[in-house]
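Student: Per our numbering, residue 196 is the first one in the sequence shown, and the count goes up by one each step. We put the beta carbon where it would ideally sit given N, CA and C, even for glycine. This one's a predicted model, so the numbers in the text were calculated from it and none came from an experiment. Have a look at the structure that comes next, please.
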Amino acid sequence: MYTENFLPTTKSSLWRPEFDGKFAIRADSMREETIGRSAEGRPLIATLVGSPTARTRVLVMAGQHGDEQTAIRSVKRLVATNGPRLATGANLQIAILANVNPDGAARRTRLNAGGVDLNRDHQLLHAAETTVLHGFIRDWRPQLIIDVHNYPPRRKHLLRQNLIYCQDLFVDIPTNPNLINGPFGRLTQDLLQTVVSAINHRGYRCERYTLVNSSGRVRHSTPDVNDARNGLALRYGIPTVLLEGRQPIRRDRPAVRERLQTVLQTAIFVILAWAEGNHQMLKAAKMPMTSAVLRSRYLADAQARKLEFKVLPSGNIHRVALPGKYTPHLKVTQQVDLPQAYAVPAALTNLCSILIRHGFSHHMANQDEFMRTQGYQLHAVVPSRRLHRMPRQLTLERVEEKRSLDNYFIFPVTPEAGTSLAVFLEPQSKHGLHRYSETGLTLTSNTVYPVLRITQENSYRG
Ligand SMILES: [Zn+2]
Numbered sequence: 196m197y198t199e200n201f202l203p204t205t206k207s208s209l210w211r212p213e214f215d216g217k218f219a220i221r222a223d224s225m226r227e228e229t230i231g232r233s234a235e236g237r238p239l240i241a242t243l244v245g246s247p248t249a250r251t252r253v254l255v256m257a258g259q260h261g262d263e264q265t266a267i268r269s270v271k272r273l274v275a276t277n278g279p280r281l282a283t284g285a286n287l288q289i290a291i292l293a294n295v296n297p298d299g300a301a302r303r304t305r306l307n308a309g310g311v312d313l314n315r316d317h318q319l320l321h322a323a324e325t326t327v328l329h330g331f332i333r334d335w336r337p338q339l340i341i342d343v344h345n346y347p348p349r350r351k352h353l354l355r356q357n358l359i360y361c362q363d364l365f366v367d368i369p370t371n372p373n374l375i376n377g378p379f380g381r382l383t384q385d386l387l388q389t390v391v392s393a394i395n396h397r398g399y400r401c402e403r404y405t406l407v408n409s410s411g412r413v414r415h416s417t418p419d420v421n422d423a424r425n426g427l428a429l430r431y432g433i434p435t436v437l438l439e440g441r442q443p444i445r446r447d448r449p450a451v452r453e454r455l456q457t458v459l460q461t462a463i464f465v466i467l468a469w470a471e472g473n474h475q476m477l478k479a480a481k482m483p484m485t486s487a488v489l490r491s492r493y494l495a496d497a498q499a500r501k502l503e504f505k506v507l508p509s510g511n512i513h514r515v516a517l518p519g520k521y522t523p524h525l526k527v528t529q530q531v532d533l534p535q536a537y538a539v540p541a542a543l544t545n546l547c548s549i550l551i552r553h554g555f556s557h558h559m560a561n562q563d564e565f566m567r568t569q570g571y572q573l574h575a576v577v578p579s580r581r582l583h584r585m586p587r588q589l590t591l592e593r594v595e596e597k598r599s600l601d602n603y604f605i606f607p608v609t610p611e612a613g614t615s616l617a618v619f620l621e622p623q624s625k626h627g628l629h630r631y632s633e634t635g636l637t638l639t640s641n642t643v644y645p646v647l648r649i650t651q652e653n654s655y656r657g
């Protein structure tokens with residue numbers, strides 16, 4: 196169904212299969228920069244390729260999970276063997292972070308040295324590595340981010356149905372409900388279709404990332420905002436693409452392993468060409484929002500999801516209609532209008548430092564200034580039985596008050612920060628920071644929620 200027509204008609208020098216690699220690197224077109232250090236002090240190195248004045252900047256990163264060696268190697272090789280080819284695009288600058296979790300890579304572990312899964316840390320920013328990464332993104336301001344991983348093809352509950360994943364590459368895009376509509380959502384959909392189509396066209400197996408959980412539910416990537424794909428897209432308004440290359444299994448021959456590295460590189464080149472061809476759309480795809488989606492639920496599709504699998508015992512590949520409920524859609528169930536700012540008590544030091552690590556602009560409230568605020572009186576809260584979930588039941592009431600905000604940090608709702616501040620701070624948010632007890636934002640019956648909405652600043656002086 197997807198054809199080569201999806202590919203942008205760009206004159207990019209990156210996008211030529213007959214490319215012969217004779218371009219020379221200019222001395223100033225490739226340099227390494229240490230952007231920070233891991234928990235154990237290993238350098239986090241960005242290789243910057245291309246002109247600093249290029250109109251399009253793309254960040255390519257790999258190795259958030261230290262045990263995903265194929266992903267790390269293929270991105271490292273992108274620099275080693277394709278540097279000249281990358282550098283020729285006068286309109287493109289690329290930052291390559293091939294090893295985001297060097298401590299984990301040294302140990303061959305998924306987690307970092309402190310036991311943090313970096314790709315679940317984009318909301319709390321516990322880890323040194325994710326904090327450095329976010330700081331780099333705020334400084335360098337890429338217009339597109341490619342996050343490269345490996346997925347294990349054998350999953351226990353699928354093996355019970357004699358199924359093994361056989362895709363060379365899975366791709367996904369931001370799926371948080373704040374990111375799937377409007378120009379931003381249309382653009383990332385186009386990118387997804389472009390990659391799937393182009394990679395299949397080149398003889399690989401490529402699909403949108405499809406997960407089957409142990410209860411049989413079939414879905415794409417989660418709408419949660421703690422991974423890079425949704426977390427970076429929501430926080431900075433930057434389209435972030437997830438590439439999940441198949442992890443080699445022990446008996447894969449060298450040629451197969453080579454192919455699994457090549458497919459990742461090919462996908463990166465397709466995305467770079469797409470970014471260069473669509474630079475104007477990328478610049479325009481901001482999220483000007485007056486409201487934020489706080490809750491949504493999965494909606495089932497009428498059709499079952501069909502996907503190719505290696506079917507045991509023959510090992511032949513068949514297209515299988517997955518029996519579980521396929522839920523590719525989200526229905527918005529709660530939204531909130533954005534205030535002018537949020538006020539957070541300075542006494543909640545952990546929460547304030549998380550928000551400051553995210554780079555949200557902030558200032559202390561002027562102590563003799565009265566502001567129009569909205570707070571929440573929490574009535575009945577029935578917590579979830581599962582960790583880090585929103586309450587099963589929450590009844591609350593919005594309370595308006597003019598008051599001074601002595602010892603509060605004020606976080607203004609700017610166009611860039613607004614949606615993520617609401618998702619992080621509103622008590623009814625499914626992905627709120629109140630899910631984590633260390634933020635001090637626990638929801639409890641018959642209490643006042645500590646974070647306030649400011650609806651009018653400088654209303655009058657008391
Ligand atoms: Zn991974």
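Taking just the CA atoms, how far does residue 271 sit from residue 329?
Tutor: Those two C-alpha atoms are separated by around 21 Å.
Student: So what does DSSP say about residue 220, is it helix, strand or coil?
Tutor: Note on residue 220: pLDDT 39, under 50, position unreliable in the model; the coordinate value appears next. In this structure, residue 220 counts as coil in the three-state DSSP scheme.
Student: Is residue 260 near ligand 1 - that is, is its Cβ less than 6 Å away from at least one heavy atom of it?
Tutor: Yes, Cβ of residue 260 sits closer than 6 Å to a heavy atom of ligand 1.
Student: Let me check you understand the geometry: is the CB of residue 611 closer than 6 Å to at least one non-hydrogen atom of ligand 1?
Tutor: Residue 611 Cβ: outside cutoff for every heavy atom of ligand 1.
Student: With 16 as the cutoff for other CB atoms within 10 Å, does residue 586 come out buried or exposed?
Tutor: Burial call: buried.
Student: What is the rounded straight-line gap between the Cα of residue 414 and the Cα of residue 452?
Tutor: Distance between the alpha carbons of residue 414 and residue 452 is about 28 Å.
Student: Report the start-end ranges of each beta strand (DSSP E) in the segment 320-366 that is 3 residues or longer and not cut off at the edges.
Tutor: With a minimum length of 3 residues, the continuous beta strand (DSSP E) runs that stay inside the segment 320-366 are 339-346, 358-360.
Student: Can you pull the DSSP bridge partners for residue 619?
Tutor: In the DSSP output, where bridge partners are listed per residue, residue 619 has none listed.
Student: In the DSSP assignment, what residue or residues form a beta bridge with residue 493?
Tutor: Beta-bridge pairing links residue 493 to 525.
Student: So, at 7 Å on beta carbons, what are the nonlocal neighbours of residue 635 in its own chain, with the 5 sequence-adjacent residues on each side left out?
Tutor: 543, 545, 546, listed in sequence order.
Student: DSSP beta-bridge partners for residue 303?
Tutor: For residue 303, which the question treats as bridged, DSSP gives no partner whatsoever.
Student: Spatial neighbours of residue 505 within its chain, please: CB distance less than 7 Å, with the 5 preceding and 5 following residues excluded, ordered by chain position.
Tutor: Excluding residues within five positions, the ones whose Cβ falls inside 7 Å are 359, 361, 512.
Student: Is the beta carbon of residue 345 closer than 7 Å to that of residue 440?
Tutor: Yes, Cβ-Cβ distance for residue 440 and residue 345 is below 7 Å.
Student: Tell me whether residue 344, by its Cβ, gets closer than 6 Å to a heavy atom of ligand 1.
Tutor: Answer for residue 344: yes, Cβ within range of ligand 1.
Student: Counting beta carbon pairs with one atom in the segment 314-328 and one in the segment 549-559, are three or more of them shorter than 8 Å?
Tutor: Counting Cβ pairs under 8 Å, three or more are found: they touch.
Student: Can you check which of these residues, 643, 524, 273, 424, is closest to residue 575 by C-alpha distance?
Tutor: The option with the nearest alpha carbon to residue 575 is 643.
Student: Would you call the segment 252-261 and the segment 329-340 in contact, with 3 or more CB pairs under 8 Å?
Tutor: Short answer: they touch.
Student: Does the contact criterion of 3 or more C-beta pairs under 8 Å hold for the segment 386-393 versus the segment 284-299?
Tutor: Result no; under three Cβ-Cβ pairs closer than 8 Å.
Student: Should the segment 452-471 be called in touch with the segment 517-535, which here means at least 3 C-beta pairs below 8 Å?
Tutor: No, because fewer than three Cβ pairs between the segment 452-471 and the segment 517-535 fall closer than 8 Å, the two stretches do not touch.
Student: Let me make sure I understand the geometry here. Which of 606, 571, 367, 266 has the alpha-carbon closest to that of residue 523?
Tutor: Ranking the options by Cα distance to residue 523, first place goes to 367.
Student: To the nearest angstrom, how far is it from the Cα of residue 625 to the Cα of residue 247?
Tutor: Straight-line Cα distance between these residues: approximately 40 Å.
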